[in-house]
Amino acid sequence: MTLSNPAAKTRFLVLHDYGMGGSWWWVHARSAREILETFAWTEAVTGQESVTWAEGEKLEEVDIDAPLMPPGLDDLRAKRDVQRGLPGFGALADRSIVYVRRHWDGEDDGGPVYLMEVESDGRRTREVELAEDGSGRVRSGPDDWPFNPPVVDFFDPELAGQEITRSVRGAVGTRRTCFWPVAAHGT
Numbered sequence: 013m014t015l016s017n018p019a020a021k022t023r024f025l026v027l028h029d030y031g032m033g034g035s036w037w038w039v040h041a042r043s044a045r046e047i048l049e050t051f052a053w054t055e056a057v058t059g060q061e062s063v064t065w066a067e068g069e070k071l072e073e074v075d076i077d078a079p080l081m082p083p084g085l086d087d088l089r090a091k092r093d094v095q096r097g098l099p100g101f102g103a104l105a106d107r108s109i110v111y112v113r114r115h116w117d118g119e120d121d122g123g124p125v126y127l128m129e130v131e132s133d134g135r136r137t138r139e140v141e142l143a144e145d146g147s148g149r150v151r152s153g154p155d156d157w158p159f160n161p162p163v164v165d166f167f168d169p170e171l172a173g174q175e176i177t178r179s180v181r182g183a184v185g186t187r188r189t190c191f192w193p194v195a196a197h198g199t
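Every position in the sequence shown, counted from 1, becomes a number in this note's numbering once 12 is added.
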């Protein structure tokens, strides 16, 4: 691997977590944010245990400015390239917590509706599965989901349209299906 400007870049451990596993790479980039802006559905992993594990593996290593990416990472870059020109791209990227309403697996044609509290890494911290009668089932931790991969990508332009407002969170809270802090982010 040849770095285009090695002095300006740092090596980051990058993960595409798809739930039952993940793909890992070393990416030389100017910042963790640059990685998130360049590759859809990825995260820069900083946990020492993961970094130590990865240093013992033979992971592909690439410069973020390279014209060709390893398999898997190439598709994630192509997806992000398409998203970048769309309205709403990165609109929620600087938030630490976002509240969204979405159908499971993004299907808008029916099925359960979920209100989710999601942290900046895209993982759920709480969610309410809404029933047709307006009641809900609250999930809030490892006992409720055996694994917790990212469910949203904060740079995805579609995510901005799924954000729920303070009034929606307040209405859910008054039905006692869960407690949503309605003052967060002023929305």
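The C-beta atom is built at its ideal place from N, Cα and C for all residues, glycine as well.
Just so it is clear, the structure is predicted and the values come from calculations on it, not from any experiment.
Three-state secondary structure (DSSP) of residue i
{"i": "Ile109", "result": "strand"}
Exposure label - residue i; buried when at least 16 CB within 10 Å
{"i": "Leu98", "result": "exposed"}
{"i": "Glu144", "result": "exposed"}
{"i": "Val112", "result": "buried"}
{"i": "Val110", "result": "buried"}
{"i": "Val94", "result": "exposed"}
{"i": "Asp9", "result": "Beyond the ends of the chain as shown, which are 13 and 199, falls residue 9; an answer cannot be given."}
{"i": "Met81", "result": "buried"}
Contact under 8 Å by Cβ, residue i with residue j
{"i": "Arg89", "j": "Phe51", "result": "yes"}
{"i": "Leu104", "j": "Leu127", "result": "no"}
{"i": "Glu131", "j": "Glu139", "result": "no"}
{"i": "Asp165", "j": "Trp53", "result": "yes"}
Within-8 Å CB hit, residue i to chain B
{"i": "Glu67", "result": "The chain labelled as chain B is not found in the depicted structure, where only one protein chain is given."}
Ordered list of beta strand (DSSP E) runs contained in the segment 13-88, each at least 3 residues: 22-29, 34-41, 55-57 and 73-75
The segment 24-38 / the segment 64-78 touching (three or more Cβ pairs under 8 Å): yes
Those runs of the alpha helix (DSSP H) which lie wholly inside the segment 118-161 and span at least 4 residues: Listed in chain order, there is nothing to give.
Any 3 or more C-beta pairs closer than 8 Å across the segment 146-156 and the segment 79-87: no
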